[in-house]
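> Sequential numbering from 92 applies to the sequence shown in the working numbering. Even glycine gets a Cβ: it sits at the ideal position worked out from N, Cα and C. Source: prediction; values computed, not measured. Please find one structure pasted underneath; my questions will follow.
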Amino acid sequence: MSLSKLFNNIKYLMKTDLRRYDVSRMTESIIEETLIELSDKIPDLFNRKPKFLSFEETLKEIIENKKSICRFGDGEFNNLVGNSIPFQKGNKILSKRLKEVLSSCDDNIIIGINEEYFTPKRNRPAENRAFDYRNCSFLRGIIYANIHLERIYCPSSISMGSSPEYFNQIRKIWQNRDVTIVCGKGIFSKFKNDIFDNTKSVEFVYGERLNAFAKYNDLLNRCSKIDKNRLVIIILGPTATVLAYDMAKLGYQALDFGHVAKKYDVVMGNTDLAKNFFQPD
């Protein structure tokens, strides 16, 4: 950190009247709003935020350079530290593999990280802001211990747009391509709007809907028989993060794009799926 940035931070703190923050009378929501206010004004003291590709840059890497993607969100980091989540029990092997993927330096693989861990936004829903400020410091510690700051990452939310226009851009990835979708059997039966209806062809390889990593070796063996000219899209929780990595290492273009089909369906009008969006399918 430069001396000028250090002194700018000190000057800001000297101008902030901390006496107006009566901690004894603060509710949790007020504390969160205070943290947001301070974080909006104080620059990053350590200047350690990873560099992120924009949405447009990420699409270009996928479409033109045929890059693969492995994404890390809340669920993946929970499994990485050995915790369980609703659709995937934690275990030591999964934890080790997720750390391996996160620390990858492969030029053909883009690692997705939640950008909000570094710059929580004021317009985030209250429950998300609460998560940010309780857990982001811990998560950043895990990230810094496993990533390479000279690398460029992409936002893990790449598959989670909120408008038809956003998904019109996403759908260009598989426009007129032969696609293999790796997912839990039956998850597409609830969808009313098919995000993959612009492909040349679609085939499916099914994994377990819950605890898919328990049968990982069998799943990888079946996926390794896919024609390498096909684009592989994986919707299978944290297992997708590891599988996309292993498939990319085998010479496939593989995208860990969990929730992309469900979110598209919600955006296009199927509000029934929005109620328990992150629950197991």
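Answer with buried or exposed for Thr362, where buried requires no fewer than 16 other C-beta atoms within 10 angstroms of its C-beta.
Sequence index remark: in the sequence shown, residue 362 carries index 271 (1-based). Result: exposed.
> For the alpha helix (DSSP H) containing Pro177, name the first residue and the last one.
Position 86 of the sequence shown, counting from 1, holds the residue named residue 177. Segment: none, Pro177 is in no alpha helix (DSSP H) and carries neither H nor E.
> By how many angstroms is the C-alpha of Ile238 removed from the C-alpha of Cys274?
Numbered from 1 along the sequence shown, position 183 holds the residue referred to as residue 274. Numbered from 1 along the sequence shown, position 147 holds the residue referred to as residue 238. For Cys274 and Ile238, the distance between alpha carbons rounds to 28 angstroms.
> Excluding the five sequence neighbours on either side, which residues of its own chain have a C-beta within less than 7 angstroms of the C-beta of Asn199, listed in chain order?
Here the question's residue 199 lines up with position 108 in the sequence shown. Counting only Cβ-Cβ distances below 7 angstroms, and skipping sequence neighbours, we find Lys158, Ser159, Ala339.
> Buried or exposed for Tyr235, please, with buried defined as at least 16 other CB atoms from any protein chain shown within 10 angstroms of its CB.
Here residue 235 corresponds to residue number 144 of the sequence shown, with the count starting at 1. Exposed, since its Cβ has fewer than 16 Cβ neighbours within 10 Å.
> Alpha carbon to alpha carbon, how far is Ile272 from Gly349? Give it in angstroms, no decimals.
As a working note, residue 349 is residue 258 in the sequence shown. As a working note, residue 272 is residue 181 in the sequence shown. Rounded to the nearest angstrom, the two C-alpha atoms are 11 angstroms apart.
> Less than 8 angstroms separating the beta-carbons of Ile325 and Ala335?
By one-based count along the sequence shown, residue 325 stands at place 234. By one-based count along the sequence shown, residue 335 stands at place 244. It is a contact, given that the beta carbons lie within the stated cut-off.
> Going by beta-carbon coordinates alone, are Ile278 and Arg242 separated by less than 8 angstroms?
Here residue 278 refers to the residue found at position 187 when the sequence shown is read from its first residue. Here residue 242 refers to the residue found at position 151 when the sequence shown is read from its first residue. No, the pair does not count as a contact, with Cβ atoms beyond the cut-off.
> Could you tell me the boundaries of the alpha helix (DSSP H) in which Ser186 lies?
Position 95 of the sequence shown, counted from the start, is the residue given in the question as residue 186. Element bounds for Ser186: 183–193.
> Whole angstroms are fine: how far does the CA of Leu185 sit from the CA of Phe163?
For the purposes of this step, residue 163 is taken as the residue at position 72 of the sequence shown. For the purposes of this step, residue 185 is taken as the residue at position 94 of the sequence shown. In a straight line, the C-alpha of Phe163 is about 13 angstroms away from that of Leu185.
> Leaving out five residues on either side along the sequence, give the residues of the same chain with a beta carbon under 7 angstroms from the beta carbon of Leu230.
In the sequence shown, residue 230 corresponds to position 139, counting from 1. For Leu230, where only same-chain residues beyond five positions count, the Cβ hits under 7 angstroms are Phe168, Tyr208.
> Using the rule of at least 16 other Cβ atoms within 10 Å of the residue's Cβ for burial, across every protein chain shown, is Thr210 buried or exposed?
Counting from one through the sequence shown, the residue named residue 210 turns up at place 119. Result: exposed.
> So, for Asn302: in the same chain, excluding its five sequence neighbours on each side, which residues have a beta-carbon less than 8 angstroms away from its beta-carbon?
Indexing the sequence shown from 1 puts residue 302 at position 211. For Asn302, where only same-chain residues beyond five positions count, the Cβ hits under 8 angstroms are Phe178, Gln179, Lys180.
> Can you tell which of Leu193, Asn312, Pro246, Gly232 has the C-alpha that lies nearest to the C-alpha of Gly298?
Within the sequence shown, the letter at position 207 stands for residue 298. Cα-wise, what sits closest to Gly298 is Asn312.
> Put Asp269 into one of helix, strand or coil per three-state DSSP.
Within the sequence shown, the letter at position 178 stands for residue 269. Asp269 falls in the strand class under three-state DSSP.
> Compute the Euclidean distance between the alpha carbons of Cys196 and Tyr244, then round it to the nearest angstrom.
Your numbering for residue 196 matches position 105 in the sequence shown. Your numbering for residue 244 matches position 153 in the sequence shown. Straight-line Cα distance between these residues: approximately 11 angstroms.
> If you run the structure through DSSP and keep just helix, strand and coil, what is Lys132?
The sequence position of residue 132 within the sequence shown is 41, counting from 1. Any answer about Lys132 is weak, because its pLDDT of 47 lies below 50 and its placement is not dependable; what the coordinates show is given next. Here Lys132 sits in helix by DSSP.
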